[in-house]
Structures are given as structure tokens and as C-alpha cells.
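Colleague: Following this message is one structure expressed as C-alpha cells.
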Amino acid sequence: MNEPMNCLRCGAQLVRLGVRTFQLGRETVAFDPHVWEGGLELEVFGCPSCGKVELFSGKVQAWAAEYECPVCHHRYPRAEDRCPRCYAKREE
Ligand SMILES: [Zn+2]
Ligand SMILES: [Zn+2]
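Each residue of the sequence shown is one higher than the one before, counting from -10 in the working numbering.
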């Protein structure tokens, strides 16, 4: 997320406010709770002009859906408990 982004409402350039982890449940985040267990990490951007806040989840895909093997760096689904390529056990 390096591209400058503009506010959809007024066109001013958005300012990055940081990364927040949202706990699922009460937050109205439209993702499957089975995929996003534990919390959802979102980048928060705000418009300095009109105050609109935008949330971006660019990092979440890799974070939640895949695990990278520390041994061979093969990426595999988090549902697996060991690497299908080198059989190294996941360290979590
Ligand atoms: Zn704005
Ligand atoms: Zn591996």
C-alpha cells in the first residue's frame, strides 16, 4: 500500500493513521469469521479534509489465508499443520 490514495468523497489525499487489529464479533466486518479467527488487521486511513475514514486489508490475505514454511519458504494453507513440501512442522 504505497500508492497515495485519495478520498472517495472529496478527493483530498488520505493520511495513514496506522494499523489496528479488529476483534471479530461486534464489528461489522463482512468477512467469514472462520477465516479471520483471532482478529483482523486493517490499515486505517483518514481524510484530513472531510474526516472520512477508510480501512484497507491488503496485508490480510497473506496473513490469514497462508502460512510460509520457515524451512523451505513454501506457502501453504493454514489449515495444514505441516509443510506439504518438506514436512516441517508449523511453529505456532
Ligand atoms: Zn474527504
Ligand atoms: Zn517446507
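C-beta atoms are modelled at their ideal positions from N, C-alpha and C, and glycine is treated no differently.
All values reported here derive from a predicted model rather than from experimental measurement.
Can you name the residues that DSSP bridges to Gly7?
Modeller: DSSP links Gly7 through a beta bridge to Val33.
Colleague: Around the Cβ of Leu6, are there at least 16 other Cβ atoms within 10 angstroms (buried) or fewer (exposed)?
Modeller: exposed
Colleague: For ligand 1, is there a heavy atom less than 7 Å away from the beta-carbon of Arg(-2)?
Modeller: yes
Colleague: DSSP has Leu(-3) in a bridge; who is on the other side?
Modeller: Partner(s): none; Leu(-3) has no beta bridge.
Colleague: Take the Cβ of Cys61 as the centre, count every other Cβ of all protein chains shown within 10 Å, and call the residue buried at 16 or more, exposed below.
Modeller: exposed
Colleague: By Cβ distance, which residues of its chain are closer than 8 Å to Asp70, with the 5 residues on each side in sequence left out?
Modeller: Lys78 and Arg79
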